[in-house]
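Student: Below is the structure I would like to discuss, written out as structure tokens.
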Amino acid sequence: MRVSQLPLSAGASFKPEHFAAISAAPQPLGFFEVHAENYMGGGGPPHAQLGFLREHYALSLHGVGLNIGSTEPLDRAHLARLKELCDRYQPECFSEHLAWSSHGGIFFNDLLPLPYTEANLTSVIDHVDEVQSTLGRRLLLENPATYVCFQQSTIPETEFLAAIARATGCGLLLDVNNVFVAARNHATSASAYLEAFPLDLVGEIHLAGHFETIDGEGSPLCIDAHGTPVVEDVFALFDSVIASTGPFPTLIEWDNDVPDWPVLRAEALAAQERLDRVRLVRAAPAAA
Numbered sequence: 236m237r238v239s240q241l242p243l244s245a246g247a248s249f250k251p252e253h254f255a256a257i258s259a260a261p262q263p264l265g266f267f268e269v270h271a272e273n274y275m276g277g278g279g280p281p282h283a284q285l286g287f288l289r290e291h292y293a294l295s296l297h298g299v300g301l302n303i304g305s306t307e308p309l310d311r312a313h314l315a316r317l318k319e320l321c322d323r324y325q326p327e328c329f330s331e332h333l334a335w336s337s338h339g340g341i342f343f344n345d346l347l348p349l350p351y352t353e354a355n356l357t358s359v360i361d362h363v364d365e366v367q368s369t370l371g372r373r374l375l376l377e378n379p380a381t382y383v384c385f386q387q388s389t390i391p392e393t394e395f396l397a398a399i400a401r402a403t404g405c406g407l408l409l410d411v412n413n414v415f416v417a418a419r420n421h422a423t424s425a426s427a428y429l430e431a432f433p434l435d436l437v438g439e440i441h442l443a444g445h446f447e448t449i450d451g452e453g454s455p456l457c458i459d460a461h462g463t464p465v466v467e468d469v470f471a472l473f474d475s476v477i478a479s480t481g482p483f484p485t486l487i488e489w490d491n492d493v494p495d496w497p498v499l500r501a502e503a504l505a506a507q508e509r510l511d512r513v514r515l516v517r518a519a520p521a522a523a
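And the structure:
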């Protein structure tokens, strides 16, 4: 049974500035993904645009505000709005992050990491159970891009994610750029991380751009910025995954310094070419 109902094709982040080009001449694309929190108002142009996408394409909703990694209770009002959105548009997929973004009524404009401990594992499992029970649908949980590690962590990240998925029945969203960014920042192996990742639980893959800089102490720092094309090293990791598993629904994320629609679509087509290539290889009869 597939983890996600999205087509096994490449999709792209939807940006309102692209709507005129997309709606004027709809072209083949696997799916569009939108940030759920941008559509929690009652109506207006955002919903008119989302209604068009829902009519013509497969749709993925990607949450950024559920605060699943927090030890505090989930925001029931936010969860109720999310349920209304899912009920209204019936997306093929809903996903969120293994992260926290608010505490004590203070909201942070970021997705922050958490220590991988038994106590936090129990908390996240409870939160995922609540989300899935409320929405009446499976959640895909995304691996984070990280810039720090915690001495308190006692569980490897891949095991932490697998334990959540197996306890709750949720799926996983594998962000390959996040894997690359975290490996660079922590001087670890991205390939080893992917070898340990429970790929049988994956329902979607994300690809995105990043940039590299130097931190205040003079050390290299890789930032998951979503503002540039996917680099070849990330595509190579993606190739290694789909070579062993076959195609996944694959999203090109681009959230900052957004280019014209033809540029973003070309990135999605580049990912589609890789999916098509591995599909052909896997379909070819084995040599005698």
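As numbered in the numbering used here, the sequence shown has no gaps in its residue numbers, which increase by one up to the final residue, 523.
C-beta atoms are modelled at their ideal positions from N, C-alpha and C, and glycine is treated no differently.
Using DSSP with H/G/I as helix, E/B as strand and the rest coil, what is E327?
Tutor: Correct three-state label for E327: coil.
Student: In this structure, does DSSP put P281 in helix, strand or coil?
Tutor: In this structure, P281 counts as helix in the three-state DSSP scheme.
Student: Measuring only the C-alpha atoms, how far is D450 from L456?
Tutor: Their Cα atoms are separated by approximately 6 angstroms.
Student: Using three-state DSSP, classify N412 as helix, strand or coil.
Tutor: Three-state result, N412: helix.
Student: For I390, does the three-state DSSP call read helix, strand or coil?
Tutor: Of the three classes helix, strand and coil, the one that applies to I390 here is coil, per DSSP.
Student: Taking P455 as part of the beta strand (DSSP E), name the residues at either end of that continuous run.
Tutor: P455 -> beta strand (DSSP E) spans P455 to I458.
Student: What residues are listed by DSSP as bridge partners for H441?
Tutor: Paired residues: D410 and L486.
Student: Y428: which of L472, H461, A402 and A312 sits nearest, CA to CA?
Tutor: Among L472, H461, A402 and A312, the Cα nearest to that of Y428 belongs to L472.
Student: Quick check: what's the CA-CA separation for G300 versus S336?
Tutor: Cα-Cα distance, rounded: 7 angstroms.
Student: Out of E508, R373 and A443, which one is the CA nearest neighbour of S295?
Tutor: Minimum Cα distance to S295 is reached at R373.
Student: Looking only at DSSP bridge pairs, what is I303 linked to?
Tutor: BP columns for I303 are empty, so no partner.
Student: Sorted by chain position, which residues of the same chain lie with C-beta nearer than 7 angstroms to D364's C-beta, five sequence neighbours on each side aside?
Tutor: The residues are T403.
Student: Have a look at P553 and E452 and give me their C-alpha separation to the nearest angstrom.
Tutor: Absent from the model: residue 553. The displayed extent of the chain is 236 to 523, so no value can be given.
Student: What separation, rounded to the nearest whole angstrom, lies between the Cα atoms of Y274 and E331?
Tutor: Each residue's Cα considered, the two are about 15 angstroms apart.
Student: Looking at chain C, is there any beta carbon in it that lies within less than 8 angstroms of the beta carbon of S424?
Tutor: The chain labelled as chain C is not found in the depicted structure, where only one protein chain is given.
Student: In angstroms with no decimal places, state the Cα-to-Cα distance between N420 and Q367.
Tutor: Near 32 angstroms, if we compare the C-alpha coordinates of Q367 and N420.
Student: Measure the Cβ-Cβ separation of Q483 and L288 and say whether it is below 8 angstroms.
Tutor: The sequence shown places Phe at residue 483, rather than the Gln named in the question. Cβ distance not < 8 angstroms, so F483 and L288 don't count as in contact.
Student: Nearest to H338 by CA position, among D410, E307, A398 and F470, is which residue?
Tutor: Taking only the C-alpha atoms, the option nearest H338 is E307.
Student: For F266, tell me which candidate among A380, A503 and H445 has the shortest Cα-Cα distance.
Tutor: For the residues A380, A503 and H445, the minimum Cα distance to F266 belongs to A503.
Student: How many Å lie between E447 and I458 at the Cα?
Tutor: The alpha-carbon atoms of E447 and I458 are separated by roughly 6 angstroms.
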